[in-house]
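Residue numbers (my numbering): 610 to 1500. Don't be surprised by glycine CBs; every beta carbon is placed ideally from N, CA and C. Bear in mind that the values here come from a model prediction, so they are computed numbers and not experimental data. Structure, as structure tokens:
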Ligand SMILES: [Zn+2]
Ligand SMILES: [Zn+2]
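Here you go:
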């Protein structure tokens, strides 16, 4: 019913989002909101936080309302003097840290008016942290701050074409050149041998054809696209790259493996690096994007979108439907007066397992060009490879690998004294200056701590968004949890603060606070102090993104947001299901028997599991991976999509008969909030509605599960707190699905698949990634070479007009209809003989299948392909008559 076709307007080849398929399940607007559009109107001030009048405070049994913090004896026992002393000491330490490090951070000193630390390449000596890995991060940042194209390991001809781009159109008039390029691109997924074999066949049949050799055509593609790669030596065990502070090392500083092949050195004295990482610099890839009129026009989406946003500022029904609707981008836009010439990019890095039977982690990073329309932005040909780090292991220092990408970006930002990179714009037919603006950094859970420099630990201020919410821990442990309500009979002095005020929206860390906290971490005098500061601030080192030009960057920490994929699917799934199965640890003072929410046990769990698996056939194939039987598979790599469809698709119905009512109601509040969060288009009212429901869920969760019991503090995992941030983040940075790691992981997965060709399983990953980037650029420069640009119309199909195409299978001979079918068709087209078709391609690219084709499928576990919501006035009309008749009959 709610899995309807019109909910996801995208082509079948498009990125499929598990999130937005269920997005419009609940769009009830039963909450009247007064500040409907104020968030839009105040774009350049603050996002309008959800109004506290929307929030219904939790009310429950008198026992709980009795436990007001002011009444708690433990709260009264605090020694105010001792507290003051602690505060003074902490403050003094903070001031000292600030003084030392803000001075030493002069290289990253704030632009006075922006209030954002800036990196200016002056000669001020920098005080490095005494903590080694913090010091290395600072050194990488300093080198990036001083980056120019000239010190970025680029060949002079590459630098020349970056500064003086080719302005002539690419000449494809020579049929031999065109044939060679077509052939090269057709062999993209095949081996060099295939190209050579086809070339030989063509030349033997058509001796006059002069197909270029593989070497020549490769060189031609490299020349036209302008895309090159930069190779950096790396440890053979992938500990780190020999860049930045490690550039001159002769052996790995982690495992001591030699940088150069020792045998080669012994035999020939030649220094052959044992392994290299590959960076594909962004500049030439950006230049290629505007070299054709088609490409230059596509790059103007952002500018048009901004105009649309400005035009709709007074429209109460305006929606947030891209990152650019968020206040942070709009602020940046206004501050820099961005134009259609500028380019906005995001960076994403992720580990990928490319070889099934071989333990090898490859790290792949990509650039996403935000200026393109979201429908094409995340497509394979528009995702630009940034970095390939061959395994075998997880890098010990990821900064050393990402260094080259950001060094190059910083150099591009510096070009022409900050005016931007020179780019030939085919639409304007002139060379423009394009400022390269960095917007978002995303990564999977492992790499994120490397990219944002935060620690995913249970510290005092453990919130990933760095808000001021202070956690609490159990007596006798230092392990903090995100507990909002003050426990009863609780005597842990440092955590005895009153209940969190749910009526005020959480404020994430500001840029200024981030730098004050960071300064504190950097100034740590020894390991113990560092660990204390790290725990207090949640920061382990400066993010490498601090090296970018602060004028042209959404600054740290604003360039990081909540990743819906991990939060909603994995983190919530891994909390709620074990909770309902009674698998969470039970302290000795607690009694599992009193956990009345534990219902997923024994036979109920087994039967529930079977029901989940039995739902498989009802998930259309576009939903990718339907949930497997959780009773059997939940602990063997249950995927994020499975968790998502299980909890948020099947959950509301399936848990209704299992969970006691108050727990099910609580769960439904979460569901309603989440269904809004994952939409691609969200109104201001929906943001407020989602926030209201999520706050109610969180507050109620603590009341009904943790019940202010110190021995249940561990129920309050960070994910519960993070939910409070998710809705306000939409007004800051747009709907979360545009920055979700789902999108990024799929793009990276596509790239990974391309790179990992069966024909060349152990080939040179870097070469393959480079070839892919060059072909992407070639398609951008010469759109006529892009065979996928126009939708392919298959043989033996039938165009029905208005973008509808009938696709096979089809009846060989016309069949004679009878009964109601005949009547309907006769009425409509005056005939009773028809040819039935199996599939229909819709104008949006999706393919609908008819019963004629579906009923031919006999596989035991076949899945339906689509659920289509059919709205027919005729049917409504008939139905109402039927009811009328029934009514008459019964009365
Ligand atoms: Zn090593
Ligand atoms: Zn927070």
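Distance, residue j Cα to residue i Cα
| i | j | result |
| --- | --- | --- |
| residue 843 | residue 885 | 5 Å |
| residue 944 | residue 1037 | 25 Å |
| residue 1314 | residue 1204 | 8 Å |
| residue 1148 | residue 1062 | 6 Å |
| residue 869 | residue 960 | 26 Å |
| residue 829 | residue 1387 | 10 Å |
| residue 1395 | residue 1308 | 53 Å |
| residue 1345 | residue 1193 | 29 Å |
| residue 930 | residue 1002 | 39 Å |
| residue 604 | residue 1389 | Outside the modelled stretch of the chain, which goes from 610 to 1500, sits residue 604, for which no answer is possible. |
| residue 962 | residue 999 | 10 Å |
| residue 1284 | residue 1261 | 12 Å |
| residue 1374 | residue 1016 | 22 Å |
| residue 1168 | residue 1056 | 15 Å |
| residue 1334 | residue 1230 | 33 Å |
| residue 873 | residue 883 | 10 Å |
| residue 907 | residue 978 | 11 Å |
| residue 1292 | residue 926 | 7 Å |
| residue 1225 | residue 1213 | 19 Å |
| residue 1201 | residue 1191 | 7 Å |
| residue 1338 | residue 1297 | 11 Å |
| residue 1078 | residue 1070 | 6 Å |
| residue 857 | residue 850 | 11 Å |
| residue 1060 | residue 753 | 15 Å |
| residue 760 | residue 1129 | 32 Å |
| residue 1332 | residue 1424 | 57 Å |
Proximity winner among the options, relative to residue i (alpha-carbon distances)
| i | options | result |
| --- | --- | --- |
| residue 751 | 1156, 827 and 1101 | 1156 |
| residue 1270 | 1291, 1086, 1224 and 1206 | 1206 |
| residue 1146 | 1123, 1152, 985 and 1161 | 1123 |
| residue 1232 | 1241, 1240 and 1248 | 1248 |
| residue 1076 | 904, 941, 1033 and 1330 | 1330 |
| residue 1505 | 1087, 1080 and 1111 | Outside the modelled stretch of the chain, which goes from 610 to 1500, sits residue 1505, for which no answer is possible. |
| residue 984 | 1347, 1433 and 1375 | 1347 |
| residue 861 | 846, 804, 1053 and 1259 | 846 |
| residue 1102 | 1114, 1085, 935 and 1407 | 1085 |
| residue 832 | 1451, 1420 and 1391 | 1391 |
| residue 1100 | 1318, 1129, 905 and 1259 | 1318 |
| residue 1209 | 1014, 996, 1033 and 1273 | 1273 |
| residue 1303 | 1407, 1115 and 1402 | 1115 |
| residue 1182 | 1119, 1279 and 1104 | 1279 |
| residue 1053 | 1042, 977, 987 and 1173 | 1173 |
| residue 838 | 771, 782 and 763 | 763 |
| residue 793 | 1440, 744, 773 and 1380 | 1380 |
| residue 602 | 835, 910 and 1430 | Since the first residue shown for the chain is 610 and the last is 1500, residue 602 is missing from the structure and cannot be characterised. |
| residue 1275 | 1310, 1290 and 1259 | 1310 |
Under 8 Å between C-beta atoms of residue i and residue j
| i | j | result |
| --- | --- | --- |
| residue 1300 | residue 1267 | no |
| residue 757 | residue 1040 | no |
| residue 1044 | residue 951 | yes |
| residue 1340 | residue 1050 | no |
| residue 788 | residue 746 | no |
| residue 1160 | residue 1027 | yes |
| residue 1378 | residue 796 | no |
| residue 974 | residue 1011 | yes |
| residue 993 | residue 972 | no |
| residue 1009 | residue 855 | yes |
| residue 1263 | residue 1236 | no |
| residue 1320 | residue 1199 | yes |
| residue 892 | residue 981 | no |
| residue 1074 | residue 1117 | yes |
| residue 1178 | residue 1342 | no |
Proximity test, Cβ basis, 8 Å: residue i and chain D
| i | result |
| --- | --- |
| residue 1423 | Note that chain D does not occur in the displayed structure, where there is just one protein chain. |
What alpha helix (DSSP H) runs, 4 residues minimum, are completely inside the region 944-1031? 983-986 and 1008-1027
Please write down, chain order preserved, every residue whose beta carbon lies under 6 Å from a heavy atom of ligand 2. 1072, 1074, 1076, 1078, 1115, 1330 and 1334
Neighbouring residues (CB closer than 6 Å to any heavy atom of ligand 1): 844, 846, 848, 861, 863, 864 and 866
Alpha helix (DSSP H) segments (min. 4 residues) lying fully within the region 1128-1204: 1136-1146 and 1181-1190
Completely contained beta strand (DSSP E) runs for the region 1386-1431, where each covers 3 or more residues: 1407-1410 and 1413-1419
Within the region 1287-1363, note down every full alpha helix (DSSP H) run reaching 4 residues or more, in order along the chain. 1293-1310 and 1327-1342
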